[in-house]
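Reminder that position 66 of the sequence shown reads as 62 in my numbering, one-by-one numbering, no gaps.
Note sheet for the following structure.
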Amino acid sequence: MEGKKILQEVFFKCRNSIYPRSSNISRFPVPDDKTDWRIHWKEYNPAVYTDSSVFGKPWADGDSDDLKAQWNTLDGKVNRVSYTGVYNIVDNLPQNPMGRTGLRGRGCLGRWGPNHAADPIVTRWKRSELGTVIKSKVDLPILQFVAIQRRDCKEWAIPGGMVDPGENVSATLLREFLEEALNNLQQSHAEAEETLKRFFSKGIEIYKGPVDDPRNTDHSWMETVAVNFHDEDGSVVAKLPFQAGDDACNVRWMDLNSDIQLYASHKDFLQQVVTLHKASW
Ligand code: RP5
C-alpha cells in the first residue's frame, strides 16, 4: 500500500445492505471470509446498478459500453490512480481493491474506479467558560471536531467532499470546509477567510486510502486524504461564523470519544487524531 495503513482489514458499511438512495437495490450477501477476490466463489452473482442521477452529469463518467478511460494513471484531468497501488481491470472494468461489495455498476458514484475525496478534520480542546481545558474521567483532555450532518443520509460526518478534476487536494480541503461548515463566507467575513487560509496551510495528514463508504461497489469506490488542522488555543476557530451549507444541513462542535457514530470510516480517522494529540477517547 502506498498510502497510510488501511484501518480495517475488511469493509462493512459497503456490504450486506440496501444500496443508499435506493429503496429496493439489495446487495448480494458477502460474508467476511469471501470479500477477497482471490477466493474462488462461483455462486457470486450481484446485481448491476447505476443510479439514474449519475447519467449525463459533467462530474461523472459515461456508461461502461462507451467508456474509454486510462486506468491506473492520470486520465486527462481525472485521477484514476488508487492509493492502494495498481488495481485489476476485469472485463474492461476496474475491480475494487478492498474486495467484493455485493453490487456491480457504479451505484451513485460518478467515476468507475477510485472516486477521490478530501476530509478536513478541524479540532480544538473542549474548554469551560473560563477557558480551562476540560478533562474526561480518565484525566485526559477532551478533543472536539467540526462535524456536519449530511443532507443525504442525515449521518454526522467530517465536512469532506470530492476532489474536482485537476484540483489540488489542499484546495479541496479548504473549499469543502468553506462550503459545508461556513456556507461559503460572505463578503463581510473576508478577514475570517484569510485567517482560515493561513490555518489550513499547516495540516497533519492522518490517512490516505480507500474509505468504507456505503456507496462503494465492485467497480467504483471512495478514496480520501484526511488531514487534521488543530487549533491549540482555540483562538482561530473562535472567530469563524459556522453555518451549514451545500450538502450539509447542520454543523457543530462534537466531542470525540469511542461512542460517536459517524459516516463511512470517519470514526477511524478521528481515533487516529485522538491518538496523535494524546486526548481522551
Ligand atoms: C466519504 O465521502 C469521504 O470520506 C468524504 O467525506 C465524502 C465525500 O463524498 P461527498 O460528501 O461529496 O458525497 O467517503
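By construction, the Cβ of each residue, glycine as well, lies at the ideal position given by its N, Cα and C atoms.
Taking buried to mean at least 16 other C-beta atoms within 10 Å of its own C-beta, is residue i buried or exposed?
{"i": "residue 37", "result": "exposed"}
{"i": "residue 28", "result": "exposed"}
{"i": "residue 54", "result": "exposed"}
{"i": "residue 176", "result": "buried"}
{"i": "residue 237", "result": "exposed"}
{"i": "residue 64", "result": "exposed"}
{"i": "residue 122", "result": "buried"}
{"i": "residue 86", "result": "exposed"}
{"i": "residue 173", "result": "buried"}
{"i": "residue 260", "result": "buried"}
{"i": "residue 149", "result": "exposed"}
{"i": "residue 186", "result": "exposed"}
{"i": "residue 72", "result": "exposed"}
{"i": "residue 43", "result": "exposed"}
{"i": "residue 168", "result": "buried"}
{"i": "residue 159", "result": "buried"}
{"i": "residue 128", "result": "exposed"}
{"i": "residue 5", "result": "exposed"}
{"i": "residue 134", "result": "exposed"}
{"i": "residue 52", "result": "exposed"}
{"i": "residue 69", "result": "exposed"}
{"i": "residue 58", "result": "exposed"}
{"i": "residue -3", "result": "Residue placement at residue -3 is poorly supported in this model, since its pLDDT is 39, which falls under 50; the coordinates still yield a value, given next. Classification of residue -3: exposed, given that the 10 Å Cβ count is below 16."}
What residues are listed by DSSP as bridge partners for residue i?
{"i": "residue 185", "result": "Its beta-bridge partners do not exist; DSSP assigns none."}
{"i": "residue 112", "result": "219"}
{"i": "residue 201", "result": "223"}
{"i": "residue 250", "result": "141"}
{"i": "residue 158", "result": "113"}
{"i": "residue 93", "result": "Looking at the DSSP assignment, residue 93 forms no beta bridge with any residue, so it has no partner."}
{"i": "residue 81", "result": "DSSP, once it has assigned bridges, lists no residue as partnering residue 81."}
{"i": "residue 71", "result": "74"}
Do you know whose CA, among the options, lies nearest residue i's CA?
{"i": "residue 165", "options": "223, 17 and 101", "result": "223"}
{"i": "residue 170", "options": "150, 215 and 221", "result": "221"}
{"i": "residue 21", "options": "80, 45, 34 and 35", "result": "45"}
{"i": "residue 194", "options": "141, 257 and 233", "result": "233"}
{"i": "residue 241", "options": "144, 64, 31 and 84", "result": "144"}
{"i": "residue 91", "options": "259, 256, 212 and 264", "result": "212"}
{"i": "residue 76", "options": "207, 108 and 6", "result": "108"}
{"i": "residue 141", "options": "239, 95, 160 and 153", "result": "153"}
{"i": "residue 74", "options": "106, 86 and 87", "result": "106"}
{"i": "residue 31", "options": "58, 95, 84 and 231", "result": "95"}
{"i": "residue 163", "options": "113, 129, 209 and 206", "result": "113"}
{"i": "residue 25", "options": "7, 35 and 12", "result": "12"}
{"i": "residue 66", "options": "6, 35, 51 and 83", "result": "83"}
{"i": "residue 126", "options": "230, 219, 23 and 48", "result": "230"}
{"i": "residue 115", "options": "196, 102 and 133", "result": "196"}
{"i": "residue 217", "options": "93, 239 and 201", "result": "93"}
{"i": "residue 56", "options": "180, 247, 273 and 103", "result": "103"}
{"i": "residue 17", "options": "33, 34, 49 and 35", "result": "49"}
{"i": "residue 255", "options": "248, 267 and 247", "result": "267"}
{"i": "residue 7", "options": "248, 206, 201 and 189", "result": "206"}
{"i": "residue 278", "options": "60, 69, 51 and 97", "result": "An answer regarding residue 278 cannot be provided, because it is not within the stretch -3 to 277 covered by the chain."}
{"i": "residue 201", "options": "219, 225, 34 and 210", "result": "225"}
{"i": "residue 180", "options": "156, 157 and 239", "result": "239"}
{"i": "residue 243", "options": "124, 81, 156 and 130", "result": "156"}
Assuming residue i contacts residue j (C-beta within less than 8 Å), just tell me the rounded distance between them.
{"i": "residue 99", "j": "residue 15", "result": "6 Å"}
{"i": "residue 138", "j": "residue 265", "result": "Not really, about 18 Å apart at Cβ, beyond 8 Å."}
{"i": "residue 136", "j": "residue 276", "result": "4 Å"}
{"i": "residue 204", "j": "residue 79", "result": "5 Å"}
{"i": "residue 120", "j": "residue 227", "result": "5 Å"}
{"i": "residue 286", "j": "residue 151", "result": "Residue 286 lies beyond the residue range present for the chain, which begins at -3 and ends at 277; the question has no answer from this structure."}
{"i": "residue 235", "j": "residue 191", "result": "6 Å"}
{"i": "residue 245", "j": "residue 147", "result": "5 Å"}
{"i": "residue 101", "j": "residue 273", "result": "The Cβ separation is near 41 Å, so there is no contact."}
{"i": "residue 23", "j": "residue 97", "result": "7 Å"}
{"i": "residue 219", "j": "residue 110", "result": "5 Å"}
Any beta-carbon of chain B closer than 7 Å to the one on residue i?
{"i": "residue 76", "result": "Considering every chain present, this structure includes no chain B. It has just one protein chain."}
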